[in-house]
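Here's the structure we're looking at; comments come further down.
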Amino acid sequence: MEILPLLNLIAFFLVLAYGLYLVAHLLYSRYLFIKLGKKPDTKDDFKTRLNLILQNVFLQKKLLKDKKSGIMHIVLFYGFIILQFGAIELILKGLIIGYELPFGSAHKYFSLMQEITAMLILLAIGYAYYRRYIEKLKRLKRGLKSGLVIIFISSLMVTVLGSLAFEQLWLGHEGSIFAPFSSAIAFVFSGIGETAAAALFFFFWWAHLLVLLSFAVYVPQSKHAHLIFAPFNVWYKKLEPPGKLSTINFEDETQEVFGNGKIEDFTQTQLIDLYACVECGRCTNMCPASGTGKMLSPMDIIVKMRDHLTEKGASVTSRTPWMPTFAFPNTKANQIALQAGEVAATAEGAAAVENVYDKALIGDVITEQELWACTTCRNCEDQCPVMNEHVDKIIDMRRYLVMTEGSMPQEAQRALNNIERQGNPWGINRKDRMKWMEGLDEAYTVPTVKTAEDFEYLFWVGAMGSFDNRSMKITHAFIKLMHEAGIKFAILGNEEKNSGDTARRIGNEFLFQQLAQENIALFEGYDVKKIVTCDPHAFNTFKNEYPEFGLQAEVYHHSELLVQWIEEGRLTPKKEVKERITYHDSCYLGRYNNIYDMPRQILQQIPGVEIVEMKRSQCDSMCCGAGGGLMWMEEHEGTRVNVARTEQALEVNPTEIASACPYCLTMMDDGLKMKEAEEQVKARDIAEILADAL
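If you read the sequence shown in UniProt numbering, its first letter stands for residue 1, the second for the next number, and so on.
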């Protein structure tokens, strides 16, 4: 073997070995960091999980919510898969002169596909540059880290085409329509000699190899780690309904801390979330808190937790997370790892390592202000292309603050105390729970579970429907509709307590479980088979969370039954209601339980109603600002969320804003007053509008 090819071969294996070592070190380090978390209790459902992978990894369903960006990413995703075969061939070309993969006469079509794919990737990466640096989309970060991947991918494509062009000149191959772009480059340089062509081939070949390995090393320690972790994240996605939070076992006597105050308190699947984050900003772009000037950014929560995990992991494992270390001598995580290694070697050993890194997750990394700004609308999760779960993490940290530290906003504390004492957040005497009946038409009787001979549905009135003057009108309207439909129903009366949704979302899991157990015992005592409520929060809690505690009843939101009764002919709206209505989707009805069409179907059945959609509607609908317990807390930053949502509604010039949630109705009603538009536009529940049409 000649000396130059031998040296080339030796250099290739040395560079390849070093590159693979760095990649292996980085991946194993992050594996160890993730292992710091608790073992997850995941449900095995191969078929469902496989479908998630097909839909969200290979078909990239979530990415296509932003069609332009989605198409760009699909080109890059499948382009790189296709080019892997070309990459293998190109690497072998530098070791075996003139090598081609054994495709026979079909090789020319393979070459054409490779070159077209390379150009498509260059076009896609050009569009990515345009969106980030020229169009300057607000949700996209700019800077060196964000630009590096554009440089890497562009360099890979250029070096592929350059290598093929100069190989063609070196070996004296004719230009071909099956290699259009490399042939064009070869034509431009056709005057150079064989030696120069060979030198330029190896220049581009080595450049391609070095860029490829550098990119491979860069990926695990950048936001592009999602290329590795996103498929695992999608596979291990929580299969329970999105409206179901995890349950704390209070009977476990070994548990001294409730909630998650440390990064290692999260499960391993929750920690995979952190490395799967693309930093695309879609979550923050749709977040009602972030969009109205609050401190919270769902993306920043994930990124800060990821960086914290990396630093904490470096201190525990003594492994440098940034490689090669000579290129990152001053990074904090590497310094922590080196310091931890030195401490671990001392007499104190592992016990002293804990003092190397003492940054607190809540306080030093994530502020309480961020956690209390979340409305739990889950728009962040609905938008996330890698299926990260932000809300559960925020609730887990709230639980720690509330149950372990006893720290929460004063308004939240007051609401919890009132729920515990009187069964409602206002603290109104529980004996006054049935005063809402005072304004009800005498023609409509309301039996209680004690007085009713038999009933099909238990109507859960809820705190809003019982105590809030505006929401009482929804209660009255729905009772009228049930009577008109000939439905046998009953209420709990003064025995009704609280669903526990507010307590659970604020973070008082103990109070929630106490209420859940008491309510289920009450339901069982009266042999309740079906429950209906006008409150999407209670609906979600009963339907998705109570079954874990033993509830076996069927649970309905009033919109579901109203549609059914109209279809069955029990209700026939005949009176004309000449209103231009825009419908506001409740988060707990829509994103939590996928009920979007039924409220609209009810409005469509009412003569005279014109329905107009807001720019942000259905799954993209913006939260009213009441979820996550924020109904009972003041907003101290930026614009009020309900005002921002009201402004979006007013943009379509409605005469009424319809909703199917008493919380949403209250927030929109207040928003209209703050915009001084309450005389021109009314906020009403679908039940009120339908009742007027009978």
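All C-beta atoms, glycine included, are put in the ideal place defined by N, C-alpha and C.
The three-state reading of DSSP puts Arg591 in coil, since its state is none of H, G, I, E or B.
CA-CA distance, Asp382 to Arg591, rounds to 7 Å. Taking C-beta separations shorter than 8 Å and ignoring five residues to either side along the sequence, the partners of Asn653 in its chain run Arg580 and Val612, following chain order. One Cα belongs to Ala179, the other to Ile81, and the distance between them is close to 19 Å. Here DSSP, grouped into helix, strand and coil, assigns His483 to helix. Residue state for Ile581 is assigned as strand, using DSSP reduced to three classes.
Between Pro607 and the set Thr117, Ala693, Ser214 and Ile10, the nearest pair of CA atoms involves Ala693.
Along the length of the stretch 594-681, whole beta strand (DSSP E) runs at least 3 residues long occupy 656-659, reported in chain order.
Close CB contacts of Lys61 within its chain, under the 6 Å cut and outside five residues either way in sequence, are with Gln55 (chain order).
For Val57, there is no enclosing beta strand (DSSP E), as DSSP marks it with neither H nor E. DSSP places Leu123 inside the alpha helix (DSSP H), whose first and last residues are His107 to Tyr129. The shortest C-alpha to C-alpha distance from Ile595 to any of Cys661, Leu164 and Val577 is the one to Cys661. By the neighbour-count definition (other C-beta atoms within 10 Å, threshold 16), His636 is an exposed residue. Secondary-structure assignment with DSSP links Phe459 through a beta bridge to Val532. Between the alpha carbons of Val57 and Arg49 lies a distance of about 11 Å. The alpha-carbon separation between Asp44 and Lys237 amounts to approximately 11 Å.
Separation of Ser559 and Arg645 (C-alpha to C-alpha, rounded to the nearest whole angstrom) is 22 Å. It is roughly 33 Å from the alpha-carbon of Ala230 to the alpha-carbon of Lys93. By the Cβ test, the stretch 544-557 is in contact with the stretch 508-522, since at least three Cβ pairs between them sit closer than 8 Å.
Relative to Trp632, the option among Trp372, Thr448, Leu522 and Arg470 whose CA is nearest is Trp372. Here Asn233 is near Val386, since their CB atoms are less than 8 Å apart. Minimum Cα-Cα distance from Ser290 among the listed residues Asn249, Thr375 and Phe326 corresponds to Thr375. According to the DSSP assignment, Tyr556 belongs to the beta strand (DSSP E) that extends over Glu554 to His557. For His224, there is no enclosing alpha helix (DSSP H), as DSSP marks it with neither H nor E. Counting the other CB atoms within 10 Å of its CB gives Tyr18 a total below 16, which places it among the exposed residues.
Beyond the five residues adjoining it in sequence on each side, Leu561 comes within less than 7 Å, by CB distance, of Val532 in the same chain, given in chain order. The Cβ atoms of Asp396 and Phe266 lie closer than 8 Å to each other. For Cys277, the CB contacts under 8 Å within the same chain, skipping 5 residues up- and downstream, are Lys223, His226, Met299, Ile302, Val303, Arg306, Val386 and Asn388 in chain order.
For Thr367 and Glu251, the gap between their C-alpha atoms comes out near 30 Å.
Burial state of Asp585 is buried, judged by a 10 Å Cβ sphere holding 16 or more other Cβ atoms.
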